[in-house]
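Residues 11 to 329 in this note's numbering are what the sequence shown spells out, letter by letter.
Glycine residues also receive a C-beta, built at the ideal position from the N, C-alpha and C atoms.
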Amino acid sequence: MPVPTATVSFARVARDPLVGTTLSGYTLLDRVGEGGTATVYRAQHPQHGEVAVKVLRERLRQDKTAVARFLREASFGTRVQHPNVVRTIETGQSPDGVHFLSIEWAAGELLEGYAKRNAPLPYDEVATIVLQIADAVNAAHASGIVHRDLKPENLMYDPETRNVKLLDFGIATATDVTPDERLTRAGFFVGSLLYVAPEALSGEVVTPLADQYSLAGIAYLLLTGTLPYTAKAPREMFTQLLSMPPIALNKAKPGLQFPATVEQVIMRALSKNPKDRYPDVLVFAKALAAALTAGQSDAGDGGFMSKMKGLFRSKGTPS
11 MPVPTATVSF ARVARDPLVG TTLSGYTLLD RVGEGGTATV YRAQHPQHGE VAVKVLRERL
71 RQDKTAVARF LREASFGTRV QHPNVVRTIE TGQSPDGVHF LSIEWAAGEL LEGYAKRNAP
131 LPYDEVATIV LQIADAVNAA HASGIVHRDL KPENLMYDPE TRNVKLLDFG IATATDVTPD
191 ERLTRAGFFV GSLLYVAPEA LSGEVVTPLA DQYSLAGIAY LLLTGTLPYT AKAPREMFTQ
251 LLSMPPIALN KAKPGLQFPA TVEQVIMRAL SKNPKDRYPD VLVFAKALAA ALTAGQSDAG
311 DGGFMSKMKG LFRSKGTPS
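Encoded structure:
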């Protein structure tokens, strides 16, 4: 995931042997992040300039499934062309067998860190962020791709411009995938438990409605600074996702109060049954933006909601 030099969110690590070397024309300047399957470097290229280069980890180079996932991520990134999706520049393999993927260097920081420091966010900022994410995800859906891993760690956000970029199609799946083409075994799920849709826990092929659920979880975080479930361990979270309703938005945190319409929109998108959610992710985002805009305008009507917001605004409640 690309992280700019001025706002690096990852801890610096011991020197990497690849740092300072050139990989198929890309000079790897420093390591800025790593996951279970790949390491990400800030790099320079004679034609492309500053970019992020994602390199498949050495221990996985002979793993056919890992390689297939890596190559699929590159193909999905190429298919989804949208201003709010990081642009895939090139994918390849070096002469010594190193699989790599280069993508644009996105400005800003991971939304995760920004939300931790600043949430609850103002209504208008939440609406702007959610609409951009929805637009990017909708473009993926239009291309026949379900992201499956929407979370703040996979989103770059520039607070100065309020611009969002969607990253990492590493575990995305095609909506027309056949059982023989699946890279996830039945009975297993992929994604983050904090944001995964309940239906994904079975390991079955999920629909675009699963991404809507994940986006609703992100919106819940931006509005409250917390999440709709209180589990502290994976097993507990798994149980809560399957058997308990999410915490109502107006019960998320003492002192926070939201208009009923805002709560209704969020909770509908967090429905356990996908059929009870909005028809698509963009419909959800527009409904939320409309509710937030109306809620913000209510602050000037002298009513109860206005008084509540005035009381808590100094404590960071959305306005």
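Name the DSSP beta bridge partners of residue i, please?
{"i": "Ala62", "result": "Arg52, Ile113"}
{"i": "Lys175", "result": "Met166"}
{"i": "Leu120", "result": "Met166"}
{"i": "Glu44", "result": "Thr49"}
{"i": "Thr101", "result": "Leu111"}
{"i": "Tyr36", "result": "Leu33"}
{"i": "Val156", "result": "Thr183"}
{"i": "Val95", "result": "Leu176"}
Which class does residue i belong to by DSSP, given the choice of helix, strand or coil?
{"i": "Thr31", "result": "coil"}
{"i": "Ile257", "result": "coil"}
{"i": "Gln57", "result": "coil"}
{"i": "Val215", "result": "coil"}
{"i": "Val206", "result": "coil"}
{"i": "Gln267", "result": "coil"}
{"i": "Ala125", "result": "helix"}
{"i": "Asp106", "result": "coil"}
{"i": "Leu252", "result": "helix"}
{"i": "Pro284", "result": "helix"}
{"i": "Pro238", "result": "coil"}
{"i": "Pro348", "result": "Outside the displayed range of the chain (11 to 329) lies residue 348, so it cannot be described from this structure."}
{"i": "Ala144", "result": "helix"}
{"i": "Ala243", "result": "coil"}
{"i": "Arg71", "result": "coil"}
{"i": "Ala150", "result": "helix"}
{"i": "Ala262", "result": "coil"}
Counting along the chain, where does the alpha helix (DSSP H) carrying residue i start and finish?
{"i": "Val77", "result": "74-89"}
{"i": "Gln306", "result": "291-307"}
{"i": "Leu225", "result": "218-234"}
{"i": "Arg278", "result": "270-279"}
I need the straight-line Cα distance from residue i to residue j, nearest angstrom please.
{"i": "Thr278", "j": "Thr47", "result": "A small correction: the amino acid at residue 278 is Arg; Thr does not occupy that position in the sequence shown. Each residue's Cα considered, the two are about 34 Å apart."}
{"i": "Ala297", "j": "Lys242", "result": "31 Å"}
{"i": "Pro27", "j": "Leu203", "result": "33 Å"}
{"i": "Leu266", "j": "Thr234", "result": "7 Å"}
{"i": "Thr206", "j": "Pro244", "result": "First, the amino acid is wrong: residue 206 is Val here, not Thr. Answer to the nearest angstrom: the Cα atoms are 12 Å apart."}
{"i": "Gly30", "j": "Asp286", "result": "52 Å"}
{"i": "Ser212", "j": "Leu251", "result": "12 Å"}
{"i": "Met166", "j": "Pro105", "result": "32 Å"}
{"i": "Ala270", "j": "Phe294", "result": "16 Å"}
{"i": "Thr171", "j": "Arg97", "result": "18 Å"}
{"i": "Arg69", "j": "Leu38", "result": "20 Å"}
{"i": "Asp134", "j": "Pro256", "result": "24 Å"}
{"i": "Pro218", "j": "Thr75", "result": "23 Å"}
{"i": "Phe86", "j": "Asp145", "result": "16 Å"}
{"i": "His157", "j": "Val90", "result": "11 Å"}
{"i": "Glu114", "j": "Thr101", "result": "12 Å"}
{"i": "Leu176", "j": "Ser253", "result": "31 Å"}
{"i": "Tyr239", "j": "Glu44", "result": "27 Å"}
{"i": "Ile99", "j": "Phe268", "result": "42 Å"}
{"i": "Glu209", "j": "Ala258", "result": "20 Å"}
{"i": "Asp168", "j": "Ala117", "result": "6 Å"}
{"i": "Ser307", "j": "Val215", "result": "41 Å"}
{"i": "Ile155", "j": "Glu119", "result": "25 Å"}
{"i": "Thr32", "j": "Asp40", "result": "12 Å"}
{"i": "Asp66", "j": "Met247", "result": "Note that residue 66 corresponds to Leu in the displayed sequence, not to Asp. Straight-line Cα distance between these residues: approximately 30 Å."}
{"i": "Tyr288", "j": "Tyr36", "result": "43 Å"}
{"i": "Val291", "j": "His92", "result": "16 Å"}
{"i": "Val61", "j": "Asn173", "result": "18 Å"}
{"i": "Arg25", "j": "Ile228", "result": "34 Å"}
{"i": "Leu131", "j": "Val95", "result": "23 Å"}
{"i": "Leu232", "j": "Asp159", "result": "17 Å"}
{"i": "Ser34", "j": "Gln103", "result": "8 Å"}
{"i": "Gln72", "j": "Ala262", "result": "46 Å"}
{"i": "Glu163", "j": "Lys64", "result": "16 Å"}
So, is the C-beta of residue i closer than 8 Å to a C-beta in chain D?
{"i": "Pro162", "result": "Of the chains in the structure shown, none is chain D; there is only one protein chain."}
Are at least three pairs of beta-carbons, each pair with one atom in the segment 42-57 and one in the segment 151-162, less than 8 Å apart? Result no; under three Cβ-Cβ pairs closer than 8 Å.
On the three-pair Cβ rule with 8 Å, is the segment 32-51 touching the segment 108-116? Enough Cβ pairs lie closer than 8 Å, so yes.
When you compare the segment 126-145 with the segment 65-82, are there three or more beta-carbon pairs, one atom per stretch, that lie closer than 8 Å? They do not touch, by the three-pair rule.
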